[in-house]
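2 protein chains.
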Amino acid sequence: MYRRLLAASAVFALLSGVAHAQDVKTAETLRDKALLDRTAWDVAEDLTTTIGPRIVGSPAMARAKDWGAAKLKALGFTNVKVEQYAKSSWTRGEESAELTAPYPMKLTIVGLGRTPATPPEGIEAEVALFHTYAELVAAPEGSLKGKIAVITQPMVKAQDGYGYGVAGISRRAGPVEAAKRGAVALLIRSVSTSDSTVPHTGVTAFGDGVTTIPSAALGVPEAEQLERLAKKGPLRIRLKLASTVNPNNVAWNISGEIKGSEKPDEVIVIGGHLDSWDVGTGALDDATGVAITTAAAKLIGELPKHPKRTIRVVMWGSEESGGASEAYLAAHKDEVPKIVLAGESDEGADRIYGLKLPAGTQKTPFATTVANVLAPLKIYVARDAAENGGSDIEGLEEAGVPSIELRQDVTRYFDYHHTMDDTLNKVDPAQLAQNVAAWTSLIYLVADSDIDFRALRPAGAEAGKRRY
Amino acid sequence: MYRRLLAASAVFALLSGVAHAQDVKTAETLRDKALLDRTAWDVAEDLTTTIGPRIVGSPAMARAKDWGAAKLKALGFTNVKVEQYAKSSWTRGEESAELTAPYPMKLTIVGLGRTPATPPEGIEAEVALFHTYAELVAAPEGSLKGKIAVITQPMVKAQDGYGYGVAGISRRAGPVEAAKRGAVALLIRSVSTSDSTVPHTGVTAFGDGVTTIPSAALGVPEAEQLERLAKKGPLRIRLKLASTVNPNNVAWNISGEIKGSEKPDEVIVIGGHLDSWDVGTGALDDATGVAITTAAAKLIGELPKHPKRTIRVVMWGSEESGGASEAYLAAHKDEVPKIVLAGESDEGADRIYGLKLPAGTQKTPFATTVANVLAPLKIYVARDAAENGGSDIEGLEEAGVPSIELRQDVTRYFDYHHTMDDTLNKVDPAQLAQNVAAWTSLIYLVADSDIDFRALRPAGAEAGKRRY
């Protein structure tokens, strides 16, 4: 009941706010300007070129932190902050694998993020091959004793990335499940939609109380070769993984603001993550997310008058192995009620095709306005509500902050992500600009409105459900 | 004049031979059967799976030799021969490269085939970057003293592979030209049409009297990264290459026949090469060429009555670093006048789009018949004559043997060739079958005819011009 009353007053605010013709016109002007603006390209190029790969805890990540703060200042952001937090780091060493029977052949692998190392001499063992994660889980405990488990489950290519959650369980839970059954190591077919031998890393279960084993991802052709060979007879593989862990390392969330002109304490948090995996240069994951949101806020900041609310860009410091979201929430707990909306760009740089608004906002005049402004960019406003705006804003979402999802077409994204092929040449400048246009016009409309998205949320609507 | 008389009698033979309606019907039946036949797929799968990578001089190549002879026998070929010849071999060792300034970053490289090794500790030096091969050649002698030369010239994607010859000069001649100018090592952008970091190997100049330097190919994104970084300041790279050479090794040309029913001493030589690079499994280069030509001959051999002439499939033993062609010519010198035609399939497994016939054959009724039989496969008969049917038949061509070119669409081929991504999953079974259908019907028409292609050749027509 309380919620309903709030909702009604919010709708009033919304009508009086966004129906304002000048706002729509400004949003459209920003949108069209963004399509021709090269800030995002320059930011993505600069980050990937001058910093390169930047895994948490690396010297490159420390350089990236300085780069981020300097970039925000150079682009006109104010209140630039570098917020340090404790973060354990993991550093990859030398890795190799080879088939040793029925004949010797090198295998292209990459250790999963946070995998334990093998003994220095490696592990050589017979292979137990499973075509799906479910097949492995169906194996009795103890049945893989002394073996290297291999899971060859492929990933479905889908515009919305749905296949990542399905296939990704081999990476997330496979090592622990294989360990339970006695396996000495696990190899998974890369969680990838490509046909390439370039293997995909990504974080796997780790930490106190987790019993796991050395684990790596195999190139797609190698996984298929093993499947064919396994039909003909037993296989043996030798695997070497090395790595070091520093439990006392640090990471940083970096932020800067376009200060609101009328309600500067009401804040919209947008951003991408600054860290990347140690392979590739983290172009799609997530230099472009940083670039898109930074460019969008910068364009809005160049208006003769800033919108009412503050827009804060956060360059998140440790998305790939977690912790940035929790650290931010801990540092900004008191501010949470004033964070009116959050969003993250972390699905590459291909075009946005759909927008999910916070629960309760879909059928409002605000949604109609947004739909009209985004329509020329070929973006629809979805009937269903945002469920998770990105890993780094999960903490905020769980604390009650409404979020948006500007869904990118990830048909190509999972060909490259978490690989050495995540490089600048996979970024299409025209699609990148379409992203900036969408963020710029949408965030402007939010920032210059008085809408209380929390108040529109229907009773019982849940916050934050992890997408991937 | 002598040639003209011969040509006239050949046209007569052709009219009386190929205009035979039964031959056309048989060719069409074979063509349509081939489209549904899985022999080629099975051969390509078996070779890539049970043998894997098979560089000349490796234990895998010795297994491939036995595999080839056994496969021909199993498929009904007769007169199966394994012809050994002397062939120096080169074996890759550990290789690595990294940018050391302005910041440390691993570079994905692969040593060029037959490159000399670096000292065990590697070479670290400043970079001299050239955007094209021509830029490097324009540098004065001595100007690269103590430097690592880098050539970043890209390759044009073209259906006919024309870009390979243009860009490939960096690989073929770059090391020698860089050495002349004092460079201590050379890195080239992969001779590749992909956007992938997977680097492309391939043979470079080597042997007695060649002064060269350690040379490797860089992934495409790495080459582009170096170009961008070079604009900002000096670069340094560390390169390690290891390899061993065995000058006293051997290779083998393997052959089997579908014996002619009327003129068994007249021979048509077709085939692909059995060797591959040591990265990938040599699926497109050239398991599929072996598979296509073997399957075509096998299908013809299953006819109730063999065609008049003998069809000989040769699995060539050392295409990648040369020597198979010369060895075959030396061993078969006396037989050359009876080899009526030669052809090689060595451009992957994508569809054939054009046929080039031997010079003088283009405007004959035979060409018309062939054009009609191949038209449903979407293959045209080109106005221009075959210039080079493949590296392994160059020796035969230079000795006067007419050749054909069944030109494959190589739009995708140079994304993968000479890389670890040359694997079975790049083979499209439908396009593979179209290849078999073309070879089967064309070779049947040749084998059951009496045409003397040599006699049709106009005076002054040149043999063998290297395509790539």
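Going down the list, the sequences are from chains L and F. As numbered in my numbering, residues 34 to 501 make up the first sequence, in order. As numbered in my numbering, residues 34 to 501 make up the second sequence, in order. Backbone N, C-alpha and C define an ideal beta-carbon position, used for all residues, glycine too.
Using a CB distance below 9 Å, the part of the region 309-339 of chain F facing chain L consists of Asp311, Val312, Gly313, Thr314, Ala316, ordered along the chain. Contact annotation: in the region 220-251 of chain F, residues whose CB is within less than 7 Å of a CB in chain L are Asp228, Ser229, Thr230, Val231. The secondary-structure analysis by DSSP pairs glutamate 290 (chain F) across a beta bridge with F:Thr111, F:Arg345.
Listed in chain order, the alpha helix (DSSP H) elements of length 4 or more contained wholly in the region 392-448 of chain L are 398-407, 427-431. The beta carbons of threonine 230 (chain F) and threonine 402 (chain L) sit no closer together than 8 Å.
Residue environment analysis places glutamate 127 (chain F) among the exposed positions, since fewer than 16 neighbouring C-beta atoms fall within 10 angstroms of its C-beta. Counting along the chain, no alpha helix (DSSP H) covers lysine 296 (chain L); the unbroken beta strand (DSSP E) around it starts and ends at 296-306. If the five residues before and after asparagine 281 (chain F) are omitted, its C-beta is found closer than 8 Å to the C-beta atoms of Ala119, Ser121, all from its own chain and listed in chain order. Here valine 243 (chain F) is exposed. Its C-beta has fewer than 16 other C-beta atoms within 10 Å. Between glycine 235 (chain L) and alanine 284 (chain L), the gap from beta carbon to beta carbon reaches 8 Å or more. Rounded to whole angstroms, the separation of the alpha carbons of alanine 249 (chain F) and serine 309 (chain L) is 27 Å. Where isoleucine 221 (chain F) is concerned, the enclosing beta strand (DSSP E) starts and stops at 218-222. Closest by C-alpha distance to glutamine 395 (chain L), out of L:Pro409, L:Arg384, L:Val414, is L:Val414. Classified as exposed, asparagine 112 (chain L) has fewer than 16 neighbouring CB atoms from the shown chains inside 10 Å of its CB. Taking a beta-carbon distance threshold of 8 Å, glutamate 131 (chain F) does not count as an interface residue toward chain L.
Residue contact check for glycine 85 (chain F) against chain L: a CB pair falls below 8 Å. Listed in chain order, the positions of the region 112-142 of chain F with a beta carbon within less than 7 Å of a beta carbon of chain L are Tyr136, Met138, Thr141.
Segment contact: the region 448-455 of chain F against the region 321-334 of chain F, fewer than three CB-CB distances shorter than 8 Å; contact not assigned.
Between arginine 222 (chain L) and glutamine 192 (chain L) a beta carbon distance of about 22 Å is seen, past the 8 Å cut, so the two are scored as non-contacting. The bridge partners DSSP lists for serine 276 (chain L) are L:Arg125. Here valine 217 (chain F) really is in contact with isoleucine 181 (chain F); their C-beta atoms are around 6 Å apart, less than 8 Å. Nearest neighbour of glycine 433 (chain F) by Cα position, chosen from F:Asn468, F:Lys371, F:Glu380, turns out to be F:Lys371. Among the CB atoms of chain L, none fall inside 8 Å of the CB of methionine 94 (chain F). Burial is judged here by how many other beta carbons sit within 10 angstroms of a residue's own beta carbon; asparagine 286 (chain F) has at least 16 and is buried. Between the C-alpha atoms of alanine 418 (chain F) and arginine 490 (chain F) there is a straight-line separation of about 10 Å. Using a CB distance cut-off of 8 Å, aspartate 99 (chain F) does not count as an interface residue toward chain L. At a cut-off of 8 Å between beta-carbon atoms, lysine 190 (chain F) makes no contact with chain L. Contact between aspartate 319 (chain F) and glutamate 290 (chain F) does not hold, since the beta-carbon distance rounds to 20 Å and is not under 8 Å. Under the Cβ distance rule, lysine 459 (chain L) counts among the residues neighbouring chain F, one pair being separated by less than 8 Å. Exclusion of the five residues before and after glycine 252 (chain L) leaves Leu140, Thr141, Ile142, Ser223, Ser229, Thr230, Val231, Pro232 as the residues of its chain whose Cβ lies within less than 8 Å of its Cβ. DSSP places glutamate 157 (chain F) inside the beta strand (DSSP E), whose first and last residues are 156-163. Residue contact check for proline 254 (chain L) against chain F: a CB pair falls below 8 Å.
By the neighbour-count criterion, in which 16 or more other beta carbons inside 10 Å mark a residue as buried, aspartate 241 (chain L) falls on the exposed side.
Scanning chain F for C-beta atoms nearer than 7 Å to the C-beta of methionine 453 (chain L) yields Thr141, Thr230, reported in chain order.
Within chain F, no C-beta atom comes nearer than 8 Å to that of glutamine 186 (chain L); the closest sits roughly 15 Å away.
Between glycine 422 (chain F) and glutamate 438 (chain F), the gap from beta carbon to beta carbon is short of 8 Å.
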